[in-house]
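Since the structure comes first, as structure tokens, the remarks are kept for the end.
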Amino acid sequence: MKTSTRVLLAVALSVVLLIAAALWLGRTGDGSGRTVLRMRIWDESFVPAYRASLDAFQHANPDVEVRITVVPWASYQQKLRLDVAGGTVDDVFWTNTFSDYADSGRLLDIGALLGPDAARAWDPSAVTQYSRDGKLWAVPQFVDGGTAVYYNRALLDAAHIDPAALSGLRWGGEADTFAPTLHRLAAVAPWAYNAANDLQSIELPFLGSAGGRLQGADDRFVFDSPQGNQAFGYLVRLIADRLAPSAADTDTNTDFTRNAFLQGKLALFQSGTYNLATIAQQAKFPWGIAMIPAGPAGRVSTDNAIGLAGNAATRHPAAVRRLLAWLGGAEGNRYLAVSGATIPAVVADQQIYRDYWAHKGIDVSPFFDVLDGPRISAGSGAGFPAANDIITPILSEMYLGRTPVPEALRRAVAAGNAAMSDR
9 MKTSTRVLLA VALSVVLLIA AALWLGRTGD GSGRTVLRMR IWDESFVPAY
59 RASLDAFQHA NPDVEVRITV VPWASYQQKL RLDVAGGTVD DVFWTNTFSD
109 YADSGRLLDI GALLGPDAAR AWDPSAVTQY SRDGKLWAVP QFVDGGTAVY
159 YNRALLDAAH IDPAALSGLR WGGEADTFAP TLHRLAAVAP WAYNAANDLQ
209 SIELPFLGSA GGRLQGADDR FVFDSPQGNQ AFGYLVRLIA DRLAPSAADT
259 DTNTDFTRNA FLQGKLALFQ SGTYNLATIA QQAKFPWGIA MIPAGPAGRV
309 STDNAIGLAG NAATRHPAAV RRLLAWLGGA EGNRYLAVSG ATIPAVVADQ
359 QIYRDYWAHK GIDVSPFFDV LDGPRISAGS GAGFPAANDI ITPILSEMYL
409 GRTPVPEALR RAVAAGNAAM SDR
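Count along the sequence shown from 1, add 8, and you get the number used in this note's numbering.
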């Protein structure tokens, strides 16, 4: 055989080996022989709990490695949309919406993947949130519970307010006891309350307790109603009266009010369970949790769940099925509760969360009790995330006092519905 022929054969063999190696690495993700799955979330504080769960999963599934990617919330939704469209999204990823991705064939059908009985283990409201037309598009991971009010006990004492009185407060009309209480608190603190452009914690509870709705039956926005004007007008007045921080601060920093509460500058902080662990770790003053104020239509909250969606384009569907079955099962989901991080979506694990905080001397019942009453939908439909991105800055101008409430709501509803129609 000629030397040149041997060289050509050697080169050809090298190319074949390189191609085979590339295919192997593409299948496994590294050179270890394991299948590497990537999981995307937006909250760094959940990494320890997930890492503990995934380590247990990997121990039982030594042929699979799961790596966590954290994309901060501020850029999460935009990056997710781009990566899903570009085919570069992780194998599984957190989501709080699904319509756009499901409609474009980007998500795995969870019922087909895990079987129709899997959903029986999960919180019914979470299953409803991620279901449409009989199909489930995400594995519920945790639920936020309802909205409640964290209070600074030292500031309440200074204002001579009994914490027990907070749960009986009402806003709106001649029966309003909420604003007078905030004025008393403003005399002893820089700010009394966290009125702000915060859909889940502030706007939805006020809109719902005014008797209004965010969307109609066809997913069109309808919050430019008399009830909407009452709810948003009340919030704008709280800011204008300096009972809450300026929108110039809260619009540009979504953590401003939480940080103000932790610094002892805010008396009442209305929020969800997702801030409980941070407050428990960082608050240097006595604090507690009370029910949110009732409105003309009573006390109304929303509840929200975070789901783990499966990428329909994953190269490892069998491994993804095993991973989602684990994280959606009682054994894998419980890790989110053992440290009090959040309320697990697996109903059988939820008592672990309550027991954790009870052992710490913290009564979390307001987050659950508020859901015994009416609820307001947190938003849905194809195009909702994009529509919400358009609505938010319009409402920001309203909170800044630059646009009258009725005009801002009309503009926001019109712009939001136009965005929904464009999908």
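Here a beta-carbon is modelled for each residue, glycine too, at the ideal position from N, C-alpha and C. This structure is a prediction, so every number in the text was calculated from the model and none was measured.
Cβ-Cβ separation, residue j to residue i (assumed contact under 8 angstroms), whole Å
i	j	result
Leu193	Ala200	4 angstroms
Leu379	Asp430	At roughly 34 angstroms, the Cβ-Cβ gap does not stay under 8 angstroms, so Leu379 and Asp430 are not in contact.
Ala349	Ala57	5 angstroms
Val8	Val78	The chain is shown from 9 up to 431; residue 8 falls before or after that span and cannot be answered.
Tyr109	Val92	6 angstroms
Met428	Gly389	6 angstroms
Val308	Arg383	7 angstroms
Leu332	Leu45	Not quite, the Cβ-Cβ distance comes to about 10 angstroms (not below 8 angstroms), so this is no contact.
Val440	Ile300	Residue coverage of the chain in this structure runs from 9 to 431, which leaves residue 440 outside it and unanswerable.
Val244	Val413	6 angstroms
Glu405	Ala416	6 angstroms
Ile247	Tyr84	With a Cβ gap of about 27 angstroms, Ile247 and Tyr84 do not count as contacting.
Ser53	Ala285	7 angstroms
Ala126	Gly336	6 angstroms
Ala320	Leu116	5 angstroms
Ile402	Ala423	6 angstroms
Gly219	Ala305	4 angstroms
Phe186	Thr281	Contact flag wrong, Cβ pair sits at about 22 angstroms.
Limits of the unbroken beta strand (DSSP E) element including residue i
i	result
Gly315	313-318
Leu276	276-279
Ala302	Ala302 -> no beta strand (DSSP E), and no H or E assigned at all.
Tyr109	Taken as a continuous stretch (DSSP letters only), Tyr109 belongs to no beta strand (DSSP E), being part of the alpha helix (DSSP H) at 107-111.
Gln149	147-151
Residues that DSSP places opposite residue i in a beta bridge
i	result
Arg48	Thr77, Phe101
Phe473	Look at the range of the chain in this structure, 9 to 431, and you will see that residue 473 is not part of it.
Tyr159	Leu276, Gly296
Arg178	Ala302
Ser309	Arg383
Leu115	Asn319
Trp130	Val354
Ala199	The displayed chain sequence assigns Trp, not Ala, to residue 199. Looking at the DSSP assignment, Trp199 forms a beta bridge with Leu274.
Leu144	Ser139
Endpoints, alpha helix (DSSP H) assigned at residue i
i	result
Ala189	In the sequence on display, residue 189 carries Thr and not Ala. From DSSP, the alpha helix (DSSP H) with Thr189 extends over 186-194.
Ser388	Here Ser388 belongs to no alpha helix (DSSP H), and DSSP marks it neither H nor E.
Ser53	Counting along the chain, Ser53 falls outside any alpha helix (DSSP H), and DSSP gives it neither H nor E.
Ser429	413-429
Ala248	234-248
Val328	325-335
Val433	Given a span of 9 to 431 for the chain in the structure shown, any question on residue 433 remains unanswerable.
Gln290	284-290
Pro213	212-217
Ser373	373-377
Ala256	255-258
Any non-hydrogen atom of the ligand FAD within 8 angstroms of residue i CB
i	result
Arg161	In terms of ligand content, the structure shown is empty, and the ligand FAD therefore cannot be addressed.
9 angstroms Cβ cutoff, residue i in contact with chain D
i	result
Pro188	Of the chains in the structure shown, none is chain D; there is only one protein chain.
Is it true that the region 59-77 meets the region 338-348, where meeting means three or more beta-carbon pairs spaced less than 8 angstroms apart? They touch, by the three-pair rule.
Would you call the region 285-293 and the region 170-190 in contact, with 3 or more CB pairs under 8 angstroms? no
Does the count of Cβ pairs from the region 239-253 and the region 209-222 closer than 8 angstroms reach three? yes
How about the region 143-152 and the region 349-363: do they share at least three Cβ pairs that are nearer than 8 angstroms? By the criterion of at least three beta-carbon pairs nearer than 8 angstroms, the region 143-152 is in contact with the region 349-363.
Hey, is the region 92-108 in contact with the region 325-341, meaning 3+ C-beta pairs nearer than 8 angstroms? yes
Flag this pair as touching only if the region 222-231 and the region 171-178 have three or more C-beta atom pairs under 8 angstroms; answer yes or no. No: the two stretches stay apart, fewer than three of their Cβ pairs being nearer than 8 angstroms.
Is it a yes or a no for the region 304-320 touching the region 243-253, going by three-plus beta-carbon pairs under 8 angstroms? Too few Cβ pairs lie closer than 8 angstroms, so no.
Segment contact, 8 angstroms Cβ cut-off, at least three pairs: the region 106-121 with the region 389-405: yes
Can at least three beta-carbon pairs, one atom from the region 273-284 and one from the region 158-166, be found at a separation below 8 angstroms? yes
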